Amino acid sequence: MSDEKAAKEWKTNLNATLNRLSNQYLTLLRAASSEVALEEAQVDQRAGGGQMKSQNEPPPPLAASAELSELSTAVATENICTSVNTLLDLIRTLRLSVTIMGEERFREEEVECWEDGVVIDEICEETMQLEREIRSIMNK
Numbered sequence: 000m001s002d003e004k005a006a007k008e009w010k011t012n013l014n015a016t017l018n019r020l021s022n023q024y025l026t027l028l029r030a031a032s033s034e035v036a037l038e039e040a041q042v043d044q045r046a047g048g049g050q051m052k053s054q055n056e057p058p059p060p061l062a063a064s065a066e067l068s069e070l071s072t073a074v075a076t077e078n079i080c081t082s083v084n085t086l087l088d089l090i091r092t093l094r095l096s097v098t099i100m101g102e103e104r105f106r107e108e109e110v111e112c113w114e115d116g117v118v119i120d121e122i123c124e125e126t127m128q129l130e131r132e133i134r135s136i137m138n139k
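Structure representation (structure tokens):
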């Protein structure tokens, strides 16, 4: 029972890590795109009206957008690194579990699978026999 719980917990952690990884990758792509900076709703006319006052300095809305984009990119990159690290830990845990199980456990599982297969075959045969009986009763 504890093995099942550990496996379920591992799978839940894996799914959460992969979801976080994909979400942060999407955030990184959004932050790196210039579409956000080009949207008119993002430009605050009170913050300089988008007019460049100096050749070397962007207007305030563009500067704020670039700053926000840079911050979003940095945070998303750090989150991606964290998610990848967690994913690698999960892979290491899986490898360690497989190594610890060893050949004896693998053989035990193969025997269990074979026994389950025998039981399934018997059940299928019984089911087919019952179906034959039902058909013969219905045909009478």
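Residue 0 is where the sequence shown starts when you use numbering that gives the first Met the number 0, and the numbers rise one by one after that. Using N, Cα and C, we set each Cβ at its ideal position, and we do this for glycine too. Treat the numbers as computed from the prediction; the structure is a model and nothing was measured.
Test item: CB-CB of I79 and Q23 under 7 angstroms | Along the sequence shown, read from residue 1 onward, the residue named residue 79 stands at position 80. Along the sequence shown, read from residue 1 onward, the residue named residue 23 stands at position 24. Yes.
Could you give the distance in angstroms between the alpha-carbon of E103 and the alpha-carbon of N18?
-> Numbered from its first residue, the sequence shown carries residue 103 at position 104. Numbered from its first residue, the sequence shown carries residue 18 at position 19. Spanning the two alpha carbons is a distance of roughly 35 angstroms.
CA-to-CA distance, S96 to E111, given in whole angstroms = Here residue 111 refers to the residue found at position 112 of the sequence shown. Here residue 96 refers to the residue found at position 97 of the sequence shown. Each residue's alpha carbon lies about 19 angstroms from the other.
Check whether L20 and A75 have beta carbons under 7 angstroms apart | Position 21 of the sequence shown, counting from 1, holds the residue named residue 20. Position 76 of the sequence shown, counting from 1, holds the residue named residue 75. No, these two residues do not count as a Cβ contact at 7 angstroms.
Three-state secondary structure assigned by DSSP to K139 = Translated into positions along the sequence shown, residue 139 becomes position 140. In the structure shown, K139 adopts coil according to DSSP, grouped into three states.
So T16 packs on T126, CB below 8 angstroms; how close in whole Å?
-> Numbered from 1 along the sequence shown, position 17 holds the residue referred to as residue 16. Numbered from 1 along the sequence shown, position 127 holds the residue referred to as residue 126. Cβ atoms of T16 and T126 stay farther apart than 8 angstroms, at about 42 angstroms.
Nearest to E66 by CA position, among A30, T81, T98 and M100, is which residue?
-> Taking the first residue of the sequence shown as position 1, residue 66 is located at position 67. Distances from the CA of E66 to each of A30, T81, T98 and M100 were compared; the closest alpha carbon is that of A30.
Cα-Cα, which of S71, D88, S1 and N138 is closest to E13?
-> Counting from 1 along the sequence shown, the entry for residue 13 is found at position 14. Checking the displayed sequence, the identity of residue 13 turns out to be Leu instead of Glu. Nearest C-alpha to L13: D88.
Look at the alpha carbon of E8 and the alpha carbon of M137, and state the distance between them as a whole number of angstroms.
-> For the purposes of this step, residue 8 is taken as residue 9 along the sequence shown, with counting starting at 1. For the purposes of this step, residue 137 is taken as residue 138 along the sequence shown, with counting starting at 1. Cα to Cα, E8 sits roughly 50 angstroms from M137.
By the 10 Å Cβ neighbour count, where 16 or more other Cβ atoms means buried, how is S82 classified, buried or exposed?
-> The sequence position of residue 82 within the sequence shown is 83, counting from 1. Classification for S82: buried.
Closest to K10 by CA distance: which of T72, I122, I133 and T92 is it?
-> Position 11 of the sequence shown, counting from 1, holds the residue named residue 10. A check of alpha carbon separations from K10 across T72, I122, I133 and T92 identifies T92 as the nearest.
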